[in-house]
Each structure stands twice: as structure tokens, then as C-alpha cells.
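For reference, each letter of the sequence shown is one residue, going 60 to 300 in the numbering used here. Just so it is clear, CB atoms sit at the ideal spot from N, CA and C, and this is done for glycine as well. Predicted model, so just to flag it, every value in this text is computed and none were measured. Beneath this line is the structure, given in C-alpha cells, with notes to follow.
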Amino acid sequence: MNTIESETEEQVFSMPRIGDKAPEFKAVTTQGEINFPSDYKGEWAILFSHPADFTPVCTSEFMTFAHLESKFKKANCNLIGLSIDGIYSHIAWLRTIKDKIKFKGMKNIEVKFPLIEDISMQVAKKYGMIQPGESITQAVRAVFFIDPNGIVRAIIYYPLSLGRNFDEIYRALIAMQTSDKFNVATPADWNPGDDVIISPAGSCGVAEERMAGTDDLECEDWFFCTKKLDKDLVLKEVLKS
């Protein structure tokens, strides 16, 4: 493999990692130009890609995201979509969705969040959304969670054929905000109201104290302790009034 091929391959496969600063870019969208992530400083953002306009799985996803946009907004989170189609294709597709498409009881759905034009694939390549083993002309279904400081906090990737689970996307957002707010971890399948996990004991003394019993902790062993966290308190802290 020559140097040019190697550099091209590296660019295609490169992607930010959890904990990295989100790569910056300017882009034309269906809602005007954006500067990412600076336009969303102080708020969460979900940047997600889809393979192509006028495709059925993508249509079902965009309708679902648009239907849930106010729910994400209440959780201080902005939605930004991307595909490597052009702006006029985006506009025509979104108009078609609003005027013609029905899905799971949803109809007349207007997509108000930005949809990025990325014909050059520059943004998609910055975020590793082009996966040659899947397609060299379409972006896979990537989901990037960007926190208020512009840091990548979580990444989910789906193949072209698999529609996303939006309950899980929302659950992950609320769980990360809960972890930040209350300095806890969330166990498998956690939802607001479920017990949360506190950090393992950092010393023998703390471990012994925990196993002796405390009022607010339930410890299975020194390293596995949970506590109650009221659902209403969680939602009060992470959702806008």
C-alpha cells in the first residue's frame, strides 16, 4: 500500500473517541449554517448520521426523532442530523415526510432540527461515519453524544439495515446527565427511579465501613454498593421546567 492509499484509509477510519473534544466544523444545513460544536456550548447535542435521503429506514428514524425533539430539548439536548446528500435533496425529502408519510400513528411530521449537507463527506470522515466495509458512498447510522463542554461522551454505531432504538438513545442521555449531577454510576437497564451505583471503596477502611452497614447504602460486597435516588429528584435536576 502506497503512502497516499494509507493516508486515505486512515482518514476514512479515523473517528473521535469518548473523552475527546468533538471535531469542529462549519456546515450548511436545512436550518442555516452551523458552527459545531461551538453553537451548542452549554447544552448537550446529539449528532447522528443516516445513509441517504428518500430511504425507508431513514424516513422512519427522522420521523421518530422529530416527534421526540421537544422531549430531547427538555433534557437540554439538541439534535443535528447528517447525510452526504445535498441541501435540495434534504429539503425535498423533509417536505415529502411532512406531506405524505405516515408511520406508527405519526403523520404531518415536520423536521425542525438541522440536517447537514455533506456531499464532500468532510464531516462524515471527521467522525468516522463512512465505513468502507458497509458502504463507501453512504454514512452508517452513527450517534455521537456531545456534552455542554464539547466533549464526546458516548458513541453508538448501527449498520445501514438497522433502525435505531430511540428509547435507548434518550435513556443514555438521561443516565449520563444523572451521573454528572449526582456523581454516581448507573447499572444495567437503569431508568430514573432505579437504584444507582456508587464508586467502589478506595481504601480498606471505607470498605469495612460500608460492609458494616450505612443508612443510605445497600452493599452486596465491598465493591458493589447501590443507593436509592428518587425519580422526581432526578427529573427535576436534569429536565428543564
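Residues of its chain near residue i, where Cβ-Cβ distance is below 6 Å and the 5 sequence neighbours each way are ignored
{"i": "Q197", "result": "P110 and A111"}
{"i": "Y99", "result": "N137"}
Same chain only: Cβ atoms within 8 Å of residue i, ignoring 5 sequence neighbours per side
{"i": "C136", "result": "E102, W103, A104, I105 and L232"}
{"i": "V87", "result": "I146, I175 and E176"}
{"i": "V211", "result": "P75, R76, I77, G78, D79, K80, A81, F203, F204 and I205"}
{"i": "A303", "result": "With the chain running from 60 to 300 in the structure shown, residue 303 is simply not present."}
Neighbour-count burial assignment, residue i, 16 or more Cβ in a 10 Å radius
{"i": "A247", "result": "exposed"}
{"i": "M118", "result": "According to the sequence displayed, residue 118 carries Thr and not Met. Burial call: buried."}
{"i": "P218", "result": "exposed"}
{"i": "R200", "result": "buried"}
{"i": "G187", "result": "buried"}
{"i": "Q90", "result": "exposed"}
{"i": "L138", "result": "buried"}
{"i": "P191", "result": "exposed"}
{"i": "F95", "result": "buried"}
{"i": "I168", "result": "buried"}
{"i": "F113", "result": "exposed"}
Same chain only: Cβ atoms within 7 Å of residue i, ignoring 5 sequence neighbours per side
{"i": "V170", "result": "F121, A125, L153 and I156"}
{"i": "A185", "result": "The question names Ala, yet the displayed sequence has Lys at residue 185. Around K185: P82 and F84."}
{"i": "K290", "result": "P251 and G252"}
{"i": "I150", "result": "T89"}
{"i": "A183", "result": "S108, L141, I143, D177, I189 and A198"}
{"i": "P259", "result": "F282"}
{"i": "N242", "result": "none"}
{"i": "L123", "result": "Note that residue 123 is Thr in the sequence shown, not Leu. Once the five neighbours on either side are set aside, the close Cβ partners of T123 are F225."}
{"i": "G209", "result": "K80, A81, P96 and K100"}
{"i": "S73", "result": "G187"}
Bridge-paired residues (DSSP) for residue i
{"i": "G78", "result": "Beta-bridge pairing links G78 to no other residue."}
{"i": "S108", "result": "L141"}
{"i": "G91", "result": "T88 and T89"}
{"i": "W103", "result": "C136"}
{"i": "V297", "result": "V297 is not bridged to any residue."}
{"i": "A244", "result": "I256"}
{"i": "T285", "result": "I256 and E277"}
{"i": "E176", "result": "S142"}
Integer Cβ distance of residue i from residue j, believed to fall under 8 Å
{"i": "T285", "j": "D239", "result": "At roughly 18 Å, the Cβ-Cβ gap does not stay under 8 Å, so T285 and D239 are not in contact."}
{"i": "P207", "j": "I93", "result": "Actually they do not touch by this definition, with Cβ atoms about 16 Å apart."}
{"i": "F225", "j": "L127", "result": "6 Å"}
Check: residue i C-beta below 7 Å from any heavy atom of the ligand ADP
{"i": "A213", "result": "In terms of ligand content, the structure shown is empty, and the ligand ADP therefore cannot be addressed."}
Only counting runs of 3 or more residues, tell me where the beta strand (DSSP E) segments fall wholly within the stretch 195-233, in order along the chain. Listed in chain order, the beta strand (DSSP E) elements of length 3 or more contained wholly in the stretch 195-233 are 200-205 and 211-217.
Contained beta strand (DSSP E) runs [length at least 3] in the stretch 118-164, N- to C-terminal order: Qualifying beta strand (DSSP E) stretches, in chain order: 136-142.
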